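In the numbering used here, the protein residues as written are 194 to 316. Every residue, glycine too, gets a C-beta built ideally from N, C-alpha and C. Keep in mind that this is a model prediction, so the values were computed, not measured. As structure tokens, the structure follows; a few thoughts come after it.
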């Protein structure tokens, strides 16, 4: 999502959640959502082919794609939590499988105020 005022990405947090309305029907009954979490090496949120009903709520965790080590170094993380031109080079030492992401725990130079706790997305 693009912020039309700044031309940059739209950020959500607990104080100002990002809300997107999706309409389903008999021809298109399923919902799929995928988004990378900024200020992480390889975290994302997703649901795939969910059949949602009115009033239903799904709380989903941040997932770790397992493609990079969670070193929390700005040299391998995109996003506003790190200085411009800090690198954003993939480190390639990932776990090799998708699992629930641990969040930011302070092992690198990424600021701790970029941390979150699951769930990361509510649908």
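Query: Locate the beta strand (DSSP E) running through residue 228, then write down its first and last residues.; Result: 224-229
Query: Please check the pair residue 223 and residue 242, which I expect to be a contact at CB under 8 Å, by giving their CB distance rounded to whole angstroms.; Result: 5 Å
Query: Can you list, in chain order, the residues of its chain whose CB lies under 6 Å from that of residue 308, leaving out five sequence neighbours each side?; Result: 296, 297
Query: Tell me the start and end of each unbroken beta strand (DSSP E) in the stretch 234-281 that is at least 3 residues and wholly inside, in chain order.; Result: 236-243
Query: Ignore the nearest five residues each way along the sequence and tell me which others in residue 260's own chain have a CB closer than 6 Å to its CB.; Result: 235, 287
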